[in-house]
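For the first sequence, the working numbering gives the first residue as 207, with consecutive numbering after it.
Positions of the beta carbon are idealized from the N, C-alpha and C atoms, including for glycine.
Remember, it's a predicted structure, so these values are computed and weren't measured experimentally.
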Amino acid sequence: MNLFADIRTLVVSHLDEMMQSGVLPAGLALDNVTVEPPRDPAHGDMATNAAMVLSKPAKMKPRDIAEALATRLAGDARIETAEVAGPGFLNLRLSGGVWRSVVSGVLQQGDAYGRSGMGQGRKVNVEYVSANPTGPLHVGHTRGAVFGDALASLLAYSGHQVTREYYINDGGAQVDVLARSVYLRYLEALGEAVEFPDGTYPGEYLIEVGETLAKEVGDRYVDQPEAVWLEQLRDYATDKMMELIRADLAALGVKMDVFFSEKSLYGTGRIEAAIEYLRGKGLIYRGVLEPPKGKTPEDWEPREQTLFKSTDHGDDVDRPIMKSDGSWTYFAPDIAYHYDKVTRGFDELIDIFGADHGGYVKRMKAAVSALSEGRVPLDIKLTQLVKLWKNGEPFKMSKRAGNFVTLRDVVEQVGPDVTRFVMLTRKNDAPLDFDFDKVLEQSRENPVFYVQYAHARVMSVLRKAAEAGIAADDAALGAADLSSVGHEAELAVARKLAEWPRLVEIAARAHEPHRVAFYLYELAGEFHALWNRGHELPELRFLQEGDIATSQAKMALARAVSVVISAGLGILGVTPAQEMR
RNA sequence: GCACCUGUAGCUCAGCUGGAUAGAGCGCUGCCCUCCGAAGGCAGAGGCCAUAGGUUCGAAUCCUAUCAGGUGCACCA
Numbered sequence: 207m208n209l210f211a212d213i214r215t216l217v218v219s220h221l222d223e224m225m226q227s228g229v230l231p232a233g234l235a236l237d238n239v240t241v242e243p244p245r246d247p248a249h250g251d252m253a254t255n256a257a258m259v260l261s262k263p264a265k266m267k268p269r270d271i272a273e274a275l276a277t278r279l280a281g282d283a284r285i286e287t288a289e290v291a292g293p294g295f296l297n298l299r300l301s302g303g304v305w306r307s308v309v310s311g312v313l314q315q316g317d318a319y320g321r322s323g324m325g326q327g328r329k330v331n332v333e334y335v336s337a338n339p340t341g342p343l344h345v346g347h348t349r350g351a352v353f354g355d356a357l358a359s360l361l362a363y364s365g366h367q368v369t370r371e372y373y374i375n376d377g378g379a380q381v382d383v384l385a386r387s388v389y390l391r392y393l394e395a396l397g398e399a400v401e402f403p404d405g406t407y408p409g410e411y412l413i414e415v416g417e418t419l420a421k422e423v424g425d426r427y428v429d430q431p432e433a434v435w436l437e438q439l440r441d442y443a444t445d446k447m448m449e450l451i452r453a454d455l456a457a458l459g460v461k462m463d464v465f466f467s468e469k470s471l472y473g474t475g476r477i478e479a480a481i482e483y484l485r486g487k488g489l490i491y492r493g494v495l496e497p498p499k500g501k502t503p504e505d506w507e508p509r510e511q512t513l514f515k516s517t518d519h520g521d522d523v524d525r526p527i528m529k530s531d532g533s534w535t536y537f538a539p540d541i542a543y544h545y546d547k548v549t550r551g552f553d554e555l556i557d558i559f560g561a562d563h564g565g566y567v568k569r570m571k572a573a574v575s576a577l578s579e580g581r582v583p584l585d586i587k588l589t590q591l592v593k594l595w596k597n598g599e600p601f602k603m604s605k606r607a608g609n610f611v612t613l614r615d616v617v618e619q620v621g622p623d624v625t626r627f628v629m630l631t632r633k634n635d636a637p638l639d640f641d642f643d644k645v646l647e648q649s650r651e652n653p654v655f656y657v658q659y660a661h662a663r664v665m666s667v668l669r670k671a672a673e674a675g676i677a678a679d680d681a682a683l684g685a686a687d688l689s690s691v692g693h694e695a696e697l698a699v700a701r702k703l704a705e706w707p708r709l710v711e712i713a714a715r716a717h718e719p720h721r722v723a724f725y726l727y728e729l730a731g732e733f734h735a736l737w738n739r740g741h742e743l744p745e746l747r748f749l750q751e752g753d754i755a756t757s758q759a760k761m762a763l764a765r766a767v768s769v770v771i772s773a774g775l776g777i778l779g780v781t782p783a784q785e786m787r
């Protein structure tokens, strides 16, 4: 059920009839005809631009089209008035019954209200977090995790078949560094004094790994050359780090469907196969890259490398896939990984990167374009930096020293629900301020609280009703006669509820889950406003003393609000509050 | 030097992919609790949508240039 879509269908069907009967010339494209809520509610409930869009191709004045359309629309029971305004807008005012039916519809559909088949079951792969398995997740990863997870839920909610995936970078030099760092902690656990030179990870999280290892293998690796232990420690440490990362994700409530190992691409011919595929398209060649203009590094020297002709698919320069010593660059396994995704049959790929990987976007898109012959779109969303604040001061982090602020630090202090919601109160493109004090504040300034409070208020009313012996289950409320619901403040809430399915579609199409968070804030605002009107106008209170039927009608509206808030929070991965404490 | 992102009220940010008189919160002014939770609500003031051009019925939104901030820029992943 999507009221806006319904009315648009109505408008389009009338336009079709007008073409058939010769009022409009035949064969007009109606794709650009929209039905939207007007910015100013004084203009009505919905507005259509049909007349203005069609004016030019139909070679008619917009007002003439609008008037003809208005007359026809006015005949529909759902339309109360249809007025031509401004340059040719057609403003529609819907009957109160339409809004009341939205409320009943929400209660009858429950969790399904707002779900759509928009995705048509298309298979979408959302890859996110994908942090190197060299340590715990930090705040930056947290934002990516929350964003990716919410986007995945949003797409699933709108009819896509979603796979949540994590790419484990366990194939490069960084896991050697990890192994060496663990080795040092291992020696330390056996009583040796160790130092962490540059190029190792000094973080304290490896102490326990070293100790466990010492217990398991004793002094077997002491005084042994790297060749003896490097490989085993690499696997051992990587496994431990992935355990850590999985636990971090679990603390945030993120659950992946697939963990894909980079290492599994090496020595199995999979990288070679992907590169051969590109070679078959004439996109692999030996060549020398020009130095970047303006800023030539001191030690620049021309080098012949194996290159991918990414410029054929929109990149600025071609990219090396093999180092001069014959080993793969990082890009090569990434190509193979995305080739794997393409061959797994996904209709659409989405990668979530941190902003520091922005320079990687074009080449990755070029690769997928080449690998899928342009069939599979790849959207890459970058999440900007998170700036932490505490006690009015910025919280610095320094990965080098190993004392960076971790996902755990954040989740343990403010909880997963608050963490998730706050991370989505900004669009992914914009930097985010995360203030430990403000996110726990209980005021309107804090959107998490504000939305949760609205939900808790509804729950409170329902509890009160139950205590008074009034049936307030969804079945009873969904069947209630809503004719007593009609005040402007009540209709405002119903209108907001009617926007939900449309909002979901827009957010899903744009891959922008933050829109859900903002919508919930607006819905909560309408609800709080109505609630407070009850102070001066007792007839707007949800519980009407001695009048069960009216109470049920009012509660139906309140309950519909909580259903939608609950669904929205569900997409964001946040648990709705039953009461505020 | 190049690429990507950002620039909207004093501050922090939305703005439904081109619609009407650009919206919220904070802050500021003034109001509302014998009332389901005032942890709320109502009203007011506050804008050249960075700047300059362009596209069209119509631009914060699309194009070009400029300015300012952020991120990144050959064998690091």
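Looking only at its own chain, which residues have a Cβ that is under 6 angstroms from the Cβ of residue i, when we skip the five neighbours before and after it?
{"i": "residue 632", "result": "638"}
{"i": "residue 305", "result": "697 and 700"}
{"i": "residue 214", "result": "241"}
{"i": "residue 557", "result": "333 and 586"}
Spatial neighbours of residue i within its chain, please: CB distance less than 8 angstroms, with the 5 preceding and 5 following residues excluded, ordered by chain position.
{"i": "residue 356", "result": "626, 630, 719, 722, 777, 778 and 779"}
{"i": "residue 578", "result": "548"}
{"i": "residue 635", "result": "588 and 590"}
Could you check where the alpha helix (DSSP H) with residue i kicks off and where it finishes?
{"i": "residue 658", "result": "653-673"}
{"i": "residue 435", "result": "432-458"}
{"i": "residue 736", "result": "720-742"}
{"i": "residue 758", "result": "754-778"}
{"i": "residue 210", "result": "209-226"}
{"i": "residue 645", "result": "It is not in any alpha helix (DSSP H) - residue 645 carries neither H nor E in the DSSP assignment."}
{"i": "residue 705", "result": "694-716"}
{"i": "residue 417", "result": "413-423"}
{"i": "residue 570", "result": "567-577"}
{"i": "residue 786", "result": "Taken as a continuous stretch (DSSP letters only), residue 786 belongs to no alpha helix (DSSP H), as it is neither H nor E."}
{"i": "residue 619", "result": "613-620"}
Beta-carbon within less than 7 angstroms of residue i's beta-carbon, same chain only, minus the 5 sequence neighbours each way: which residues are those?
{"i": "residue 534", "result": "477, 527 and 528"}
{"i": "residue 292", "result": "none"}
{"i": "residue 489", "result": "514, 515, 518 and 576"}
{"i": "residue 316", "result": "680 and 769"}
{"i": "residue 258", "result": "268, 293 and 294"}
{"i": "residue 286", "result": "299, 300 and 301"}
Compare the C-alpha of residue i against each of the options and name the closest.
{"i": "residue 646", "options": "323, 522, 735 and 619", "result": "619"}
{"i": "residue 394", "options": "416, 440, 785 and 540", "result": "416"}
{"i": "residue 459", "options": "334, 352, 256 and 325", "result": "352"}
{"i": "residue 497", "options": "662, 712 and 508", "result": "508"}
{"i": "residue 396", "options": "406, 421 and 403", "result": "421"}
{"i": "residue 653", "options": "636, 634 and 624", "result": "624"}
{"i": "residue 473", "options": "539, 492 and 446", "result": "539"}
{"i": "residue 288", "options": "314, 312, 265 and 254", "result": "254"}
{"i": "residue 571", "options": "411, 444, 463 and 521", "result": "521"}
{"i": "residue 339", "options": "301, 378, 366 and 360", "result": "378"}
{"i": "residue 308", "options": "689, 265, 739 and 294", "result": "689"}
{"i": "residue 573", "options": "456, 563 and 584", "result": "584"}
{"i": "residue 385", "options": "225, 243 and 432", "result": "432"}
{"i": "residue 738", "options": "228, 761, 695 and 755", "result": "695"}
{"i": "residue 300", "options": "260, 439, 313 and 248", "result": "248"}
{"i": "residue 461", "options": "481, 586, 409 and 333", "result": "333"}
{"i": "residue 346", "options": "622, 745 and 592", "result": "592"}
{"i": "residue 774", "options": "279, 235, 230 and 363", "result": "363"}
{"i": "residue 553", "options": "650, 330 and 228", "result": "330"}
{"i": "residue 714", "options": "675, 367 and 621", "result": "367"}
Terminal residues of the continuous beta strand (DSSP E) containing residue i?
{"i": "residue 595", "result": "592-596"}
{"i": "residue 493", "result": "490-494"}
{"i": "residue 638", "result": "638-641"}
{"i": "residue 586", "result": "584-589"}
{"i": "residue 512", "result": "510-514"}
{"i": "residue 465", "result": "464-467"}
{"i": "residue 599", "result": "599-601"}
Could you check how far apart the C-beta atoms of residue i and residue j are, in whole angstroms? I think they sit under 8 angstroms.
{"i": "residue 664", "j": "residue 765", "result": "6 angstroms"}
{"i": "residue 344", "j": "residue 770", "result": "Not quite, the Cβ-Cβ distance comes to about 34 angstroms (not below 8 angstroms), so this is no contact."}
{"i": "residue 325", "j": "residue 361", "result": "6 angstroms"}
Does the distance between the C-beta of residue i and the nearest non-hydrogen atom of the ligand ADP fall short of 6 angstroms?
{"i": "residue 730", "result": "Of ligands this structure carries none, so the ligand ADP is not represented either."}
Ranges of the beta strand (DSSP E) found wholly within the segment 523-565, counting only runs of at least 3: 525-528 and 554-560
Give the list of continuous alpha helix (DSSP H) stretches no shorter than 4 residues that lie fully inside the segment 251-338. 256-264, 268-279 and 302-315
Runs of 4 residues minimum, wholly inside the segment 375-401: which ones carry the alpha helix (DSSP H) assignment? 379-395
Which complete beta strand (DSSP E) runs does the segment 346-378 hold, if anything under 3 residues is left out? 367-374
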